[in-house]
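Inspection log for the structure reproduced underneath, given as structure tokens.
Numbering (this note's numbering), first residue to last: -14 to 166.
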């Protein structure tokens, strides 16, 4: 038996290339691999779709990112926390806070547990859009759900407060962080 004939690309092979192209900003190349993958009868998985969603948002192709989401849903591929985070982060960076909040609520309704990264993306987005009240609600919610904020999360809050000229609040938070160890 010739071993070379048995070597064929699979979903992992294609998804690895797609992800690498997306991370390099080469979303069009990733899309070509995606089309080729489907032509070969290989079914994309959540990693494949998430890479394309994230890559398209980062390339400022939100329409294509959302088309990928639609295709993912149509293919009945379950969204995971990484997919939801890519969606929320991409929408927040475009200033589409209502849509980002809608995705977050849909995630919770689907039973996917929020993590610190998705909270950080939401906090960053709300600060960029000057919605400080919602940030404080998210911090409270996050703590109530048992998430302990890390330095990255606190750094995002301090950045946001400073950008909005709320230096005293930022200093108070820094003092709170130091005191909590």
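Don't be surprised by glycine CBs; every beta carbon is placed ideally from N, CA and C.
Check	Outcome
Taking the straight line between their C-alpha atoms, what separation do you get for residue 25 and residue 9?	24 Å
Are residue 99 and residue 93 closer than 8 Å when you measure CB to CB?	yes
Relative to the alpha-carbon of residue 6, which residue among 77, 128, 35 and 60 has its alpha-carbon at the smallest distance?	35
Taking 7 Å as the limit between beta carbons, can you name the residues of its chain near residue 114, skipping five residues before and five after?	80 and 82
Take residue 188 and list the residues in its own chain whose beta-carbon comes closer than 6 Å to its own, dropping the five residues that flank it on each side.	Residue 188 falls outside the range modelled here, since the chain spans only -14 to 166, and no answer is possible.
Which parts of the stretch 43 to 108 are runs of the alpha helix (DSSP H), unbroken and 4 residues or longer, counting only runs that do not cross its ends?	47 to 59, 66 to 78 and 82 to 94
Measure the beta-carbon distance from residue 28 to residue -4 and round it to whole angstroms, keeping in mind my assumption that it falls under 8 Å.	7 Å
Which residues mark the beginning and the end of the alpha helix (DSSP H) in which residue 148 is found?	136 to 148
Who are the near neighbours of residue 3 in its chain, counting only those whose CB is closer than 7 Å to its CB and skipping five residues on each side?	15, 18, 19, 33, 36 and 37
Expressed to the nearest angstrom, what Euclidean distance is found between the alpha-carbon atoms of residue 155 and residue 77?	22 Å
Just the Cα atoms here: how many angstroms apart are residue 48 and residue 13?	14 Å
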